[in-house]
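Working notes for the structure below.
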Amino acid sequence: MELNPPPETLITEIIAVNHAWKQVSEQLLDHNAGLALSLRDLKSNLQLRLLRNYPQTVYLVLDEETESEEPLYSVRLREPINGHWNAAHLPVRVAEEMLTEQELTQLIQRKNSEEF
């Protein structure tokens, strides 16, 4: 495992872990099973790593369309990487707990904003 993997690697890992988490939590176990929680936390940690290490590559947009128990940010890519335009959803709660105010300000893309 690289200490500072390229964004392509992180995105591939985020997508793989996200799929595994959904499979475990929705089909095999419940949402609060240990494995499901570990996969969820791993996905969030990988997303935070991507956001912190590559702020010029990714940004956050509040997703107002996806139904969820809590508000979500869509982790979006400025350019497609390996055919992907996003790196899954990150709960707003996690972003606010783990990112600084300065990081959030830098990463949040307002709806209809032209600036990156």
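According to this note's numbering, the sequence shown is numbered sequentially starting from -1. We treat Cβ as the ideally placed atom computed from N, Cα and C, and that holds for glycine.
CA-CA distance, A18 to D39, rounds to 12 Å. Bounds of the beta strand (DSSP E) holding D61 are 56 to 61.
Per DSSP, reduced to three states, the secondary structure at P53 is coil, with no helix or strand assignment. Contact check for A34 and S23: beta-carbon distance about 4 Å, within the 8 Å limit, so the pair qualifies. In the three-state DSSP reduction, H29 falls in the coil class, being neither helix nor strand.
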